[in-house]
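Using numbering that gives the first Met the number 0, you'd call the opening residue of the sequence shown number 0 and step up by one each time. Written below as structure tokens is the structure these notes are about.
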Amino acid sequence: MSSNTDFVTELYRAANEVGKLTAFEKRRLIERAVTMVKQMRVQIAFSSPPRRDGQDILVDIATVGGEIVSAPNQIVSHALLEAADLIRTPKIVLDGKCAVTQDGEA
0 MSSNTDFVTE
10 LYRAANEVGK
20 LTAFEKRRLI
30 ERAVTMVKQM
40 RVQIAFSSPP
50 RRDGQDILVD
60 IATVGGEIVS
70 APNQIVSHAL
80 LEAADLIRTP
90 KIVLDGKCAV
100 TQDGEA
């Protein structure tokens, strides 16, 4: 498995066992996820129309990370699952780009 796949698995596991994690562990997982999503978005030249409120879900996830001490476990769990999805989705796009490039069609 790739490091991205391993990290997504780690995020899913953490979301399911969020009550067993320390505040530091929760914050660190969210920080790592936000950083990884930002890097992946640069790689795929991500440009998305803004949501109606003008925010990106990644901002919401980072906000949960910043308020980890007071955030309920259910909110933290949801943020971890959203982060896992944000990592998984661009990985599919990146893998598709690599496959097309290797076939010589790009």
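All C-beta atoms in this analysis are idealised placements derived from N, C-alpha and C, irrespective of residue type, glycine included.
If contacts are defined as beta-carbon pairs under 8 angstroms, then Ala82 and Val36 qualify, I think. What distance do you get, rounded to the angstrom? 7 angstroms
Can you grab the Cα-Cα spacing for the pair Arg31 / Ile60, in whole Å? 11 angstroms
Measure how close the beta-carbons of Ala13 and Leu57 come, nearest whole angstrom, since I'm counting them as under 8 angstroms. That belief does not hold up - the Cβ atoms of Ala13 and Leu57 are roughly 18 angstroms apart, past 8 angstroms.
DSSP three-state assignment for Ser2, whether helix, strand or coil: helix
For Glu81, which of helix, strand or coil comes out of DSSP? helix
When you compare only the Cα positions, how much space is there between Asp5 and Tyr11? 10 angstroms
What is the DSSP secondary structure of Ser76, counted as helix, strand or coil? helix
Taking buried to mean at least 16 other C-beta atoms within 10 Å of its own C-beta, is Ile67 buried or exposed? buried
Can you tell me whether Val33 is buried or exposed? The criterion is at least 16 other CB atoms within 10 Å of its CB, across all chains shown. buried
Classify Gly64: buried if its beta carbon has 16 or more other beta carbons within 10 angstroms, exposed otherwise. buried
Please report how far the alpha carbon of Arg87 lies from the alpha carbon of Asn3, in whole angstroms. 8 angstroms
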